[in-house]
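In our numbering, the protein residues as written are 2 to 628.
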């Protein structure tokens, strides 16, 4: 796990300019002795009267350091809006042994996206500000949280400050129901106070297990802990350890969310809310964590606006869960997920999709993203199968630059086979020249994933920057995709990548094969650049009969359009009186008449052949002999 950077840790404004130790009695005066059952019942009733469920009311009551303060807060809740979400909260002093270090913390976004954390995401109770979290084993949960808590204690520079001064900046907290083999327990979780919570637990000398299960509300151990703290809080005859435990026993004026209004469930609303708090202004979390938080917010916004690209046979919910990392058991191949990410998060700048992505990022950071930020998000999502190490930076950078090619903006995933895509791409190339169509874009996007993420990274940034015609990934992709030889090479790269082979160089004129090709050379980054340079200006080098047929039909259509144009120009010639001369003089040419009859007869025959082919295809489909 990566270290927590200084700016990512929650800063602790000091009571004074000096880093002196705070008198524990100053904090301890907020503690109250254990409340009677009658007082507890009164607080629970106040929570229910405020519109809370029994479960949430009991959770707040058990977490309050002062029951009277809690009841006052419940009578005057506050609201705060972040973008499209509004949160209702109350402020009161919370005892820190009721706050669970969150198992769905923003620092884990990168690990969640890559599926390496071993813990699920939060769910939520519908219509309530109550999170849910389920694991089949409490021991597994404890083991999964241990290294993250240890990392925070060892690398958060503010831990020492909290031990000496207590929590000086209140955090946001939410209620979570944790369900394991030990049954359900409901606690507050460190929504925006993971570091502060972990530090205070270290000062108290308690563990994650203690908070979740050992210090249950009403238990003898929890009651004895509070009694000891109250006794030490009012005494000046305490040990350093006892004073530290008192200082770490309270999060003063904690903001506890009790309600919300949002176009999404509380779990997703809370996730966006936490990202907003930590990224406006931007905080120095790891690049992967920051990009994943932004990408997930963008995917949510696209989904809610009905703007996610949805391939045939899929649903918008399935696409959302794949792109935000929630679903890792889907049937898409990694290169297909890459195309899906590119199409969703890298749309054309003037499209509604681009505005939706920008809005999500602005909502988190307060700053309008640059054009290339969308390709960065798409590249990060596409490369979630790779570990977040130094290599990832190079992979992401190259894929990001490859996808800045305008043809790939908004690319659509059809899930066609590479060879079918190649056939369509070659036809597009013949008919439209360098105006790349959707099949060319999809084939190029698939290949770009393997060119970057294969055994050897073939698509790399140039050490010379953007100079020249083929120095950058986007220019290499563009040059490969504008010739039939280059498209066949891209198809071979996809076939090899999916089979786990090193990409093979195709001989000129050869067709791609899903197998090891005898005597074929393995591509290198240098050779890929050479090929892109060789293909510059080459165009079509080999045209199949189908391609020639498509080209002939296109030329015939152009000639028909020209003929119609010429005929209309004849009609446009008028005399001095403004009357069309053809209406006065007429036109009779047997050669023209005979030629038009021949053309009409030919076109009629073509149409008849097309109708016969359609009927034969329909008959085959109905009989089940072919599909």
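Yeah, the Cβ is synthetic: ideal placement off N, Cα and C, and Gly gets one too.
Practice prompt. State the beta-bridge partners of residue 82 as determined by DSSP.
Written response: As a working note, residue 82 is residue 81 in the chain shown. DSSP, once it has assigned bridges, lists 87 as partnering residue 82.
Item to complete: Could you tell me how far apart the beta carbons of residue 400 and residue 393 are, in whole angstroms, since I believe they sit closer than 8 Å?
Response: The residue labelled residue 400 in the question sits at position 399 within the chain shown. The residue labelled residue 393 in the question sits at position 392 within the chain shown. No, residue 400 and residue 393 are not in contact; Cβ-Cβ is about 10 Å, not under 8 Å.
Worksheet entry | Beta-bridge partners of residue 176, as assigned by DSSP | Walking along the chain shown from the start, residue 176 turns up at place 175. For residue 176, which the question treats as bridged, DSSP gives the partners 131 and 189.
Practice prompt. Classify residue 117 as buried or exposed, calling it buried when 16 or more other Cβ atoms lie within 10 Å of its own Cβ.
Written response: Counted from its first residue, the chain shown places residue 117 at position 116. Residue 117 comes out exposed.
Worksheet entry | the segment 32–49 contacting the segment 170–182, beta-carbon criterion three pairs below 8 Å | no
Worksheet item: Which of the three DSSP states, helix, strand or coil, is assigned to residue 505?
Response: Counted from its first residue, the chain shown places residue 505 at position 504. Residue state, collapsed to three classes: strand.
Worksheet item: How is residue 527 classed by DSSP in three states: helix, strand or coil?
Response: The count along the chain shown starts at 1 and reaches residue 527 at position 526. In this structure, residue 527 counts as helix in the three-state DSSP scheme.
Worksheet item: Would you call the segment 67–86 and the segment 260–273 touching, i.e. three or more CB-CB distances under 8 Å?
Response: yes
Practice prompt. Evaluate residue 221 with the Cβ neighbour count: other Cβ atoms within 10 Å of its Cβ, from every protein chain shown; 16 or more gives buried, anything less gives exposed.
Written response: Here residue 221 corresponds to residue number 220 of the chain shown, with the count starting at 1. Exposed: under 16 other Cβ atoms inside 10 Å.
Worksheet item: Between the segment 328–338 and the segment 347–361, do three or more beta carbon pairs fall short of 8 Å?
Response: no
Item to complete: Enumerate, from N- to C-terminal direction, the unbroken alpha helix (DSSP H) stretches of 4 or more residues contained entirely within the segment 308–370.
Response: 317–324, 335–346 and 353–366
Worksheet item: Where does residue 161 fall in DSSP's three states?
Response: Here the question's residue 161 lines up with position 160 in the chain shown. The answer is helix: DSSP assigns residue 161 an H, G or I state.
Practice prompt. Rounded to whole angstroms, what's the CA-CA distance from residue 550 to residue 508? Just pull it up for me.
Written response: As a first step, residue 550 must be located in the chain shown, where it is residue number 549. As a first step, residue 508 must be located in the chain shown, where it is residue number 507. Cα to Cα, the separation comes out at about 25 Å.
Discussion item. Three Cβ pairs or more, each shorter than 8 Å: is that satisfied between the segment 217–234 and the segment 152–166?
Written reply: no
Worksheet item: What distance in whole Å lies between the Cβ atoms of residue 326 and residue 25, which are believed to be in contact at a cut-off of 8 Å?
Response: Position 24 of the chain shown, counted from the first residue, corresponds to residue 25. Position 325 of the chain shown, counted from the first residue, corresponds to residue 326. No, residue 25 and residue 326 are not in contact; Cβ-Cβ is about 44 Å, not under 8 Å.
Worksheet item: What span of residues does the beta strand (DSSP E) with residue 265 cover, start to end?
Response: Numbered from its first residue, the chain shown carries residue 265 at position 264. Unbroken run through residue 265: none, as it is neither H nor E.
Discussion item. On the DSSP letters alone, give me the boundaries of the alpha helix (DSSP H) that residue 246 sits inside.
Written reply: As a first step, residue 246 must be located in the chain shown, where it is residue number 245. Counting along the chain, the alpha helix (DSSP H) containing residue 246 begins and ends at 241–248.
Worksheet entry | Assigned exposure category for residue 558 - 16 Cβ within 10 Å defines buried | As a first step, residue 558 is located in the chain shown; it is residue number 557 there, counting from the start. That one is exposed.
Item to complete: In angstroms with no decimal places, state the Cα-to-Cα distance between residue 250 and residue 498.
Response: By 1-based counting over the chain shown, the position of residue 250 is 249. By 1-based counting over the chain shown, the position of residue 498 is 497. Roughly 56 Å between the two C-alpha positions.
Worksheet item: Just the Cα atoms here: how many angstroms apart are residue 215 and residue 171?
Response: Position 214 of the chain shown holds residue 215. Position 170 of the chain shown holds residue 171. Each residue's Cα considered, the two are about 25 Å apart.
Discussion item. I'd like to check one pair, residue 494 with residue 504: are the Cβ atoms closer than 7 Å?
Written reply: Translated into the one-based positions of the chain shown, residue 504 becomes position 503. Translated into the one-based positions of the chain shown, residue 494 becomes position 493. Yes, the pair counts as a contact, with Cβ atoms nearer than the cut-off.
Practice prompt. Report the three-state DSSP secondary structure of residue 219 (helix, strand or coil).
Written response: Reading the chain shown from its first residue, position 218 is the one you call residue 219. In this structure, residue 219 counts as coil in the three-state DSSP scheme.
Discussion item. For a quick check, are the C-beta atoms of residue 94 and residue 66 less than 7 Å apart?
Written reply: One-based indexing of the chain shown puts residue 94 at position 93. One-based indexing of the chain shown puts residue 66 at position 65. Closer than 7 Å, so yes.
Practice prompt. Compute the Euclidean distance between the alpha carbons of residue 432 and residue 412, then round it to the nearest angstrom.
Written response: Counting from 1 along the chain shown, the entry for residue 432 is found at position 431. Counting from 1 along the chain shown, the entry for residue 412 is found at position 411. If I take the Cα positions, the gap works out to 19 Å.
Worksheet item: Mind checking residue 173: buried by the 16 CB within 10 Å criterion, or exposed?
Response: The residue given as residue 173 occupies position 172 in the chain shown. So residue 173 counts as buried.
Worksheet item: What do you reckon, are the CB atoms on residue 426 and residue 488 nearer than 7 Å?
Response: As a position in the chain shown, residue 426 is number 425, starting the count at 1. As a position in the chain shown, residue 488 is number 487, starting the count at 1. Yes, the Cβ-Cβ distance between residue 426 and residue 488 is below 7 Å.
Item to complete: Within the same chain, show all residues whose beta-carbon is closer than 7 Å to that of residue 198, passing over the 5 residues directly before and after it, in chain order.
Response: Against the chain shown, residue 198 aligns to sequence position 197. Closer than 7 Å at Cβ, skipping near neighbours: 97, 100, 102 and 191.
Worksheet item: In this structure, what does DSSP give as the bridge partners for residue 261?
Response: For this step, residue 261 is matched to residue 260 along the chain shown. Its beta-bridge partners are 88.
Worksheet item: Between the segment 130–148 and the segment 234–249, are three or more C-beta pairs nearer than 8 Å?
Response: no
Item to complete: Return the first residue and the last residue of the alpha helix (DSSP H) that residue 577 is part of.
Response: For the purposes of this step, residue 577 is taken as residue 576 along the chain shown, with counting starting at 1. Where residue 577 is concerned, there is no enclosing alpha helix (DSSP H), given that its DSSP letter is neither H nor E.
Discussion item. Tell me which residues share the same chain as residue 572 and place their Cβ nearer than 7 Å to its Cβ, disregarding the 5 neighbours each side in the sequence.
Written reply: Here residue 572 corresponds to residue number 571 of the chain shown, with the count starting at 1. Same-chain partners within the cutoff: 581 and 583.
Worksheet entry | Cutoff 8 Å; reference residue 34; Cβ partners in own chain excluding five residues on either side | For the purposes of this step, residue 34 is identified with residue 33 of the chain shown, where counting begins at 1. 227, 228 and 231.
Practice prompt. Please report the residue range of the alpha helix (DSSP H) in which residue 286 lies.
Written response: The residue labelled residue 286 in the question sits at position 285 within the chain shown. Careful: residue 286 lies outside any alpha helix (DSSP H) and carries neither H nor E.
Worksheet item: Can you tell which of 233, 526 and 247 has its C-alpha closest to the C-alpha of residue 207?
Response: Within the chain shown, numbered from 1, the residue matching residue 207 stands at position 206. The shortest C-alpha separation from residue 207 is found at 247.
Worksheet item: Near residue 194, what residues of its chain come up, given a Cβ to Cβ distance below 6 Å and the 5 sequence neighbours on each side ignored?
Response: Residue numbering aside, residue 194 sits at position 193 when the chain shown is read from its first letter. These residues qualify, in order along the chain: 172.
Worksheet entry | Selection from 182, 62, 53 and 150 that minimises the alpha carbon distance to residue 37 | On the chain shown, residue 37 is found 36 positions in, with the first residue counted as 1. Residue 62 is the option with its Cα nearest to residue 37.
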